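Colleague:
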Amino acid sequence: MESLFEAAARCLMACEVEEKLHLTQQTAQAWRDDLLSLDCKDGPEPIGEPGHPAKPVLVTPDQVPRRRFGTQEGIAALVHAMAHIEFNAINLAWDAVYRFRDLPESYYSDWITVAHEEADHFQLLRTRLHELGTDYGDFTAHNGLWDMAKRTAYDPMVRMALVPRVLEARGLDVTPGIIKRLRQVGDEKTVAVLEIILRDEVGHVAIGSRWFKYCCQQRGLDSEQTFRELISQYFTRQMSGPFDYEARQKAGFTVTELEALECMKDSTELSTKILSNRPCLLYTSDAADE
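Everything in the sequence shown is counted per my numbering, starting at 1 for the first residue and increasing by one.
1) Report the start-end ranges of each alpha helix (DSSP H) in the stretch 164–243 that is 4 residues or longer and not cut off at the edges.
2) What are the start and end residues of the alpha helix (DSSP H) that includes I112?
3) With DSSP as the reference, identify every bridge partner of A141, one or two as the case may be.
4) By a C-beta neighbour count over all protein chains shown, 10 Å radius and 16 as the cutoff for buried, is R199 buried or exposed?
5) In the DSSP assignment, what residue or residues form a beta bridge with L36?
6) Report all residues from its chain with a CB closer than 6 Å to the CB of S223; omit the five preceding and five following residues, and keep chain order.
7) Tell me the residue span of the alpha helix (DSSP H) that contains G74.
8) Can M148 and V163 be called in contact, C-beta distance under 7 Å?
9) At the level of alpha carbons, what is the spacing between P104 and F122?
10) How many Å lie between S3 and R32 at the Cα?
11) Among W111, P176, L129 and L258, which residue has its Cα nearest to the Cα of R210?
12) Skipping 5 residues on each side, what residues in its chain have a beta carbon closer than 7 Å to that of W94?
13) Report the CB separation of D173 from F243 in whole angstroms; it is logged as a contact under 8 Å.
14) Within the same chain, show all residues whose beta-carbon is closer than 6 Å to that of I47, passing over the 5 residues directly before and after it, in chain order.
15) Distance check for R170 and L145, CA to CA, integer angstroms please.
16) Are the beta-carbon atoms belonging to A206 and A251 less than 7 Å from one another?
17) Does the separation of the CB atoms of H142 and V79 fall below 7 Å?
18) Can you give the beta carbon distance from I196 to L124, rounded, assuming they're within the 8 Å contact cut?
19) Return the CA-CA distance between V255 and K41, expressed in angstroms with no decimal places.
20) Skipping 5 residues on each side, what residues in its chain have a beta carbon closer than 8 Å to that of I231?
21) Is it buried or exposed for D187, if we count other Cβ within 10 angstroms and need 16 for buried?
22) When you compare the CB positions of V57 and T140, do they come within less than 7 Å of one another, or not?
23) With distances taken Cα to Cα, identify the nearest neighbour of H204 among R181, Q249, Q63 and G43.
24) Measuring alpha carbon to alpha carbon, tell me which residue in K189, P53, E45 and H22 is nearest H130.
25) First and last residue of the alpha helix (DSSP H) that includes Q63?
26) Quick one: grab the DSSP three-state call for D155.
27) Taking 7 Å as the limit between beta carbons, can you name the residues of its chain near A247, skipping five residues before and five after?
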């Protein structure tokens, strides 16, 4: 029987979009059909760059052009930025499967489900890009989510705390406002896609919360204190609010954890200056201007 970890590595390293989507669907189905084992004689390779197509060209977040939200090009840029986040999220989910071993079977089931749903989200957004006369790769993008994956590759507890519960959770905060603005310009097609993504992302962040707390429990750590310490260590100049308390509590955040995020929100003048006009910097990139 083939190892799940070998199959996950193939998904992770696939470069072409269609190949990654196909392998993701195929591997998720094989896991559901009990055709993959948790046995593997080799440990994970050191983290590097995942497979990705030649385009989009990757730049730093401040190099992503700002475009007006009310234009078709601006909406296309926004959709492209979100598609890139979903493509990255496919890789993040497969890396969570591949990299971290000796966890309960339900951990792997959860992250395979996330990978499959992120692939569905990407395809919905790519279809919308086609309707807008463009395609994935036609705009530049940044790689902030994967940068944090590399920084957290040494520990599943740290990964669960900081990638799904901080970076990806920004989608819970900013997507309702994006939906509102899209409705104001009459773009109900993009709204319909984002409503599906927002619903599913609550569940994805909840999975991160569940396994972060599991890791803390296994180590005899207080999860609230550990979360506060980790965000203080890793995000002193990158936190941005406001935070959607209702959505985050559905996704497994406690009031104490939300209060810790609030304390980090205005931790430095620089973070406020940079992020106040870029509400999606960590989640969707600076794709659209006010």
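Note that the Cβ used here is the ideal one computed from N, Cα and C, for glycine as well. Note that this is a predicted model, so its numbers are computed, not measured.
Modeller: Checking against the coordinates, here is how it stands:
1) Runs found: 170–184, 188–218 and 223–234.
2) Sequence index remark: in the sequence shown, residue 112 carries index 112 (1-based). From DSSP, the alpha helix (DSSP H) with I112 extends over E105 to E131.
3) As a position in the sequence shown, residue 141 is number 141, starting the count at 1. As DSSP reads the structure, A141 sits in a beta bridge with L58.
4) To locate residue 199, count along the sequence shown from 1; it is residue 199. Burial call: exposed.
5) Position 36 of the sequence shown, counted from the first residue, corresponds to residue 36. Within the DSSP bridge table, the entry for L36 names E2 as partners.
6) Indexing the sequence shown from 1 puts residue 223 at position 223. The residues are K213 and C216.
7) For the purposes of this step, residue 74 is taken as the residue at position 74 of the sequence shown. G74 -> alpha helix (DSSP H) spans Q72 to R99.
8) In the sequence shown, counting from the first residue as 1, residue 148 sits at position 148. In the sequence shown, counting from the first residue as 1, residue 163 sits at position 163. Cβ distance < 7 Å, so M148 and V163 count as in contact.
9) The sequence position of residue 104 within the sequence shown is 104, counting from 1. The sequence position of residue 122 within the sequence shown is 122, counting from 1. In a straight line, the C-alpha of P104 is about 28 Å away from that of F122.
10) Position 3 of the sequence shown holds residue 3. Position 32 of the sequence shown holds residue 32. Looking at the two C-alpha atoms, the distance is approximately 14 Å.
11) Mapped onto the sequence shown, residue 210 falls at position 210. When each option's Cα is compared against that of R210, the closest is W111.
12) By 1-based counting over the sequence shown, the position of residue 94 is 94. Closer than 7 Å at Cβ, skipping near neighbours: A8, C11, L12 and A115.
13) Residue numbering aside, residue 173 sits at position 173 when the sequence shown is read from its first letter. Residue numbering aside, residue 243 sits at position 243 when the sequence shown is read from its first letter. At roughly 5 Å, the Cβ-Cβ gap stays under 8 Å, so D173 and F243 are in contact.
14) For this step, residue 47 is matched to residue 47 along the sequence shown. Within the same chain, I47 has close Cβ partners K150 and A153.
15) Here residue 145 refers to the residue found at position 145 of the sequence shown. Here residue 170 refers to the residue found at position 170 of the sequence shown. For L145 and R170, the distance between alpha carbons rounds to 11 Å.
16) Within the sequence shown, numbered from 1, the residue matching residue 206 stands at position 206. Within the sequence shown, numbered from 1, the residue matching residue 251 stands at position 251. The answer is yes: Cβ separation under 7 Å.
17) As a working note, residue 142 is residue 142 in the sequence shown. As a working note, residue 79 is residue 79 in the sequence shown. No, the pair does not count as a contact, with Cβ atoms beyond the cut-off.
18) Position 196 of the sequence shown, counted from the start, is the residue given in the question as residue 196. Position 124 of the sequence shown, counted from the start, is the residue given in the question as residue 124. Right, the Cβ-Cβ distance comes to about 7 Å (below 8 Å), so this counts as a contact.
19) Locating residue 255 in the sequence shown gives position 255, where the first residue counts as 1. Locating residue 41 in the sequence shown gives position 41, where the first residue counts as 1. Going by the C-alpha atoms only, they are around 42 Å apart.
20) The count along the sequence shown starts at 1 and reaches residue 231 at position 231. Excluding sequence neighbours, I231 sits near A161, L162, V166, M239, A260, L261 and M264.
21) Start at 1 with the first residue of the sequence shown, and residue 187 comes out as number 187. Burial is judged here by how many other beta carbons sit within 10 angstroms of a residue's own beta carbon; D187 has at least 16 and is buried.
22) As a first step, residue 57 is located in the sequence shown; it is residue number 57 there, counting from the start. As a first step, residue 140 is located in the sequence shown; it is residue number 140 there, counting from the start. Yes, the Cβ-Cβ distance between V57 and T140 is below 7 Å.
23) Stepping through the sequence shown from its first residue, residue 204 is reached at position 204. Here the closest residue by C-alpha is Q249.
24) What you label residue 130 is simply residue 130 of the sequence shown in a count that begins at 1. Check the Cα spacing between H130 and each of K189, P53, E45 and H22: the tightest is with K189.
25) Sequence index remark: in the sequence shown, residue 63 carries index 63 (1-based). Per DSSP, Q63 lies in no alpha helix (DSSP H) segment and is marked neither H nor E.
26) Locating residue 155 in the sequence shown gives position 155, counting from the first residue. Note: D155 maps to coil in three-state DSSP.
27) Start at 1 with the first residue of the sequence shown, and residue 247 comes out as number 247. Answer for A247: L172 and V202, listed in chain order.
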